[in-house]
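One structure is given below, encoded as structure tokens.
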Amino acid sequence: MMLWRTKREPVRVTREITIVNKHGFHARPAAEFVRRANSFRSEIWLTRNG
Numbered sequence: 388m389m390l391w392r393t394k395r396e397p398v399r400v401t402r403e404i405t406i407v408n409k410h411g412f413h414a415r416p417a418a419e420f421v422r423r424a425n426s427f428r429s430e431i432w433l434t435r436n437g
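Per our numbering, the sequence shown starts with residue 388, numbered consecutively.
Spelled out as structure tokens, the structure:
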């Protein structure tokens, strides 16, 4: 995810999360994630198992 400083220089922010649902990241939670992510000007990358 990139944040912008006042000079419009990109800043990288990295977060690691764990999905605790035994069935993983499925349709409704994923759709909510996308809805919220779309409210930001950013690039978001998701990976599975590293």
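A virtual CB, placed ideally from N, CA and C, is assigned to each residue, including glycine.
Option nearest residue i by Cα separation, candidates the options
i, options, result
"ALA417", "GLU403, ARG395, LEU433 and VAL398", "LEU433"
"ASN436", "VAL421, GLU430, ARG399 and GLY411", "GLY411"
Delimiting residues of the alpha helix (DSSP H) encompassing residue i
i, result
"PHE412", "Unbroken run through PHE412: none, as it is neither H nor E."
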